[in-house]
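Below is one structure, written out as structure tokens; the observations come after it.
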Amino acid sequence: MREKTEIARATGIMGIATALSRVFGLVRDVVVARLFGAGFGADAFFMAFTIPNLLRRFFAEGSLTAAFVPTFSRVHHEQGADEGRRVANICLTLLLLVMTGVTLCGLLASPWIVRLIGYGFSEIPGKLELTNFLNRLMFPYIFFVSLLALITGVLNVLGHYFWPAVSPVLLNLAMIASAVLLAGSFDAPVTALAIGVLIGGFLQLVIQFPVARRYGLRFRPDFHFRHPAVRRVVRLMLPGLAGVAIYQINIVVTRLLASFLAEGSVSYLYFGQRLFEFPQGIFVVSLAQAVLPAMSRQVAIGDQSGFKESLRYALVLICLVTLPAAAGLVLCSVPVYSLFFMRGAFSYNDVLQSALVLAAYAPGLLFAGVSRVVVPSFYAMHDTRTPVWVSFYTLLVNAALGLLLMRFYQHVGLALALTLSSVFNCFVLLFLLRRKLGPLGLKHVLRSMLRIVPGTLLMAVFAYAVLYNGQWQVPGSFWPKLLRLGTAVIGGSGIFYAVCLFMRVPEVSQLAGFIRRKTRWKREVRKG
């Protein structure tokens, strides 16, 4: 019960912070769409941002976190806080040296990297050159966010989640401010966005220092790289790097294939993926980050039954959010793009194309969510190799399906290929985890999932009836459109929640009971 409470608390805190970040991210994307549309400059920026963003996940959020958090958690709990701080300082020193080298290499090798991933741009004069310029401008971003990822891992193990999770707000604010204030200052206005990325990355890192000091963390260079815990981190991180690399190559392959399609295809995929990542970032990523420290503690004390129970609980929470969210993304795709994006350089055709991409991505939300929880299960057991091999075969599936489906469905086919490869990835990971641990008790998850389906269907019927009486192709009409979309979202959410209570979904019932107890306690306090 304690681990469930900790997982729920951490997920809630990070979910709220990430929701705030995603709201500002949506505002950022609206500003980008209005100022730059889905054409020459936007395609160049999104392709250029692929590279530092890829390396962010390559070095920071993926393998580094997966290797560092379980190791630091074990040292902190078994050898004490002082030794934990020492290990953190050694790892931070090593990471600083490595990322300095990576950043310098990236700046020098930028022309070749850009030509590799955006080869299709070479047919359009100036597009590849602009992409290279933007990539060089943004490349130091990876230096800042890699250090941020390690500090985030330390703070999460120590029980602090909010500031690391809310820091992307600063990135979004910096990009919005730069786009609005500086776009007119450059021959290529999209340059302002790249400057915003660089400023935002720096601010994200700096804001963590006061929090770290409150927890007694003082960075002092320490070059004892042969420390057993540090060697364990490196040993775990190396196969993890391969796994994250393979996953990110999936995205690069998709962007590369899109560069051969009609102009705007890269932008459509970006805008579709951004809204797809909205519920994923708010809840799925937060839950995955919350569950890793809890599972690592259970592995450290040999509590396998508790480990499986935490896994089942996390999977039910994933289903509870991703099933209705996936249905909502499909139904709300055109209304959302019409309401927030259709003005300035962003046309109704751009709305339809981005909505089709989002509808193709949406069914993969459940499977991507399950994978996000299952992969930390392997990491918690210090097994970073298995997810690597699964990612490798997923890459092959995605590339093959992408080449096949883009011939018939263009950029929508590329989105659909990623969804189908997510399905493959999910089931293979579950199969291998069951073979490693024995029965996982997934019948409980399936029963909860079946109880969630009726609420999702009724929610979808209500949302469709409300949304598709409106004229979404008409520009303007912001407040009527917002009222209709808000009615569909709030009313549909209420229907889903009520049906889940009626169907006695345990996690929803527990939440309702918790709220009732809090409300009753507050009333009693007031009376007293």
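Using this note's numbering, the letters of the sequence shown map in sequence onto residues 2 to 529. Ideal Cβ placement from N, Cα and C applies to all residues, glycine included.
Chain-order list of residues whose beta-carbon lies under 6 Å from that of residue i (same chain, five-residue window excluded)
{"i": "Val155", "result": "Ala89"}
{"i": "Ser266", "result": "Ala259 and His412"}
{"i": "Leu148", "result": "Leu206"}
{"i": "Thr153", "result": "Pro165"}
Exposure of residue i, with buried meaning 16 or more beta-carbon neighbours within 10 Å
{"i": "Ala150", "result": "buried"}
{"i": "Phe226", "result": "exposed"}
{"i": "Cys106", "result": "exposed"}
{"i": "Thr101", "result": "exposed"}
{"i": "Phe497", "result": "buried"}
{"i": "Gly38", "result": "buried"}
{"i": "Asn173", "result": "buried"}
{"i": "Ser392", "result": "buried"}
{"i": "Ser123", "result": "exposed"}
{"i": "Pro211", "result": "exposed"}
{"i": "Gln472", "result": "exposed"}
{"i": "Arg23", "result": "buried"}
{"i": "Phe47", "result": "buried"}
{"i": "Tyr380", "result": "buried"}
Alpha carbon of residue i to alpha carbon of residue j, nearest angstrom
{"i": "Ala184", "j": "Leu276", "result": "24 Å"}
{"i": "Gly414", "j": "Arg232", "result": "43 Å"}
{"i": "Thr420", "j": "Phe272", "result": "16 Å"}
{"i": "Gly201", "j": "Phe73", "result": "28 Å"}
{"i": "Val352", "j": "Phe279", "result": "17 Å"}
{"i": "Cys501", "j": "Gly456", "result": "6 Å"}
{"i": "Pro388", "j": "Thr192", "result": "37 Å"}
{"i": "Leu98", "j": "Ser449", "result": "48 Å"}
{"i": "Val475", "j": "Phe144", "result": "44 Å"}
{"i": "Leu441", "j": "Ala213", "result": "37 Å"}
{"i": "Arg436", "j": "Leu405", "result": "33 Å"}
{"i": "Phe203", "j": "Asn54", "result": "15 Å"}
{"i": "Val335", "j": "Arg29", "result": "19 Å"}
{"i": "Phe261", "j": "Thr51", "result": "16 Å"}
{"i": "Arg219", "j": "Val234", "result": "21 Å"}
{"i": "Ser348", "j": "Tyr469", "result": "19 Å"}
{"i": "Gly127", "j": "Ser179", "result": "23 Å"}
{"i": "Ile177", "j": "Phe187", "result": "16 Å"}
{"i": "Leu540", "j": "Leu397", "result": "Residue 540 falls outside the range modelled here, since the chain spans only 2 to 529, and no answer is possible."}
{"i": "Phe535", "j": "Leu438", "result": "The requested residue 535 does not occur in the structure, where the chain is confined to residues 2 to 529."}
{"i": "Trp113", "j": "Ala34", "result": "28 Å"}
{"i": "Thr323", "j": "Val490", "result": "15 Å"}
{"i": "Val181", "j": "Ile208", "result": "23 Å"}
{"i": "Trp390", "j": "Leu431", "result": "14 Å"}
{"i": "Met407", "j": "His445", "result": "39 Å"}
{"i": "Leu108", "j": "Trp480", "result": "46 Å"}
{"i": "Ala346", "j": "Gly477", "result": "14 Å"}
Integer Cβ distance of residue i from residue j, believed to fall under 8 Å
{"i": "Pro325", "j": "Met460", "result": "6 Å"}
{"i": "Gly1", "j": "Ala189", "result": "Shown here, the chain extends from 2 to 529; a query on residue 1 therefore has no answer."}
{"i": "Ser355", "j": "Tyr338", "result": "5 Å"}
{"i": "Asn399", "j": "Asn251", "result": "5 Å"}
{"i": "Val506", "j": "Arg452", "result": "5 Å"}
{"i": "Ala195", "j": "Thr132", "result": "That belief does not hold up - the Cβ atoms of Ala195 and Thr132 are roughly 11 Å apart, past 8 Å."}
{"i": "Leu117", "j": "Phe341", "result": "34 Å between Cβ atoms; not a contact."}
{"i": "Gly492", "j": "Val254", "result": "Contact doesn't hold; Cβ gap of about 40 Å is too wide."}
{"i": "Val467", "j": "Thr488", "result": "5 Å"}
{"i": "Leu318", "j": "Val371", "result": "Actually they do not touch by this definition, with Cβ atoms about 11 Å apart."}
{"i": "Tyr567", "j": "Val198", "result": "As displayed, the chain neither begins before 2 nor continues past 529, which places residue 567 out of reach and without an answer."}
Among the options, the one whose alpha carbon lies nearest that of residue i
{"i": "Leu206", "options": "Arg236, Pro190, Val170 and Asp188", "result": "Val170"}
{"i": "Phe425", "options": "Leu182, Cys333, Val454 and Phe368", "result": "Phe368"}
{"i": "Tyr362", "options": "Thr387, Leu194 and Ala416", "result": "Ala416"}
{"i": "Leu95", "options": "Tyr120, Glu79, Arg221 and Val371", "result": "Arg221"}
{"i": "Tyr394", "options": "Gly197, Thr385 and Ser422", "result": "Ser422"}
{"i": "Pro433", "options": "Val462, Ser268, Val376 and Leu483", "result": "For clarity, residue 433 is Leu in the given sequence; the question names Pro instead. With distances taken between Cα atoms, Leu433 lies closest to Val376."}
{"i": "Leu257", "options": "Ala489, Gly121, Ile114 and Phe69", "result": "Gly121"}
{"i": "Ala360", "options": "His383, Asp384, Phe347 and Val331", "result": "Val331"}
{"i": "Asp83", "options": "Ala499, Leu159 and Ile319", "result": "Leu159"}
{"i": "Thr236", "options": "Asp384, Met407 and Leu318", "result": "Reading the sequence as shown, one finds Arg at residue 236 and not Thr. When each option's Cα is compared against that of Arg236, the closest is Asp384."}
{"i": "Ser378", "options": "Asn350, Val446 and Gln305", "result": "Gln305"}
{"i": "Leu36", "options": "Arg344, Ala175 and Ala49", "result": "Arg344"}
Sequence-distant residues of its chain with Cβ nearer than 8 Å to residue i (five each side left out)
{"i": "Leu21", "result": "Val167 and Val170"}
{"i": "Ile125", "result": "Phe41 and Glu264"}
{"i": "Leu486", "result": "Cys333, Pro336, Val337, Leu340 and Leu468"}
{"i": "Tyr465", "result": "Leu332"}
{"i": "Leu483", "result": "Leu340"}
{"i": "Lys309", "result": "Leu438, Leu441 and Gly442"}
Cβ shell of residue i (< 7 Å), same chain only, five flanking positions each side left out
{"i": "Ala230", "result": "Thr72, Val76 and Val88"}
{"i": "Ala110", "result": "none"}
{"i": "Val358", "result": "Tyr269, Leu270, Gly273, His412, Val413 and Ala416"}
Chain D contact for residue i (CB, 9 Å cutoff)
{"i": "Gln472", "result": "The chain labelled as chain D is not found in the depicted structure, where only one protein chain is given."}
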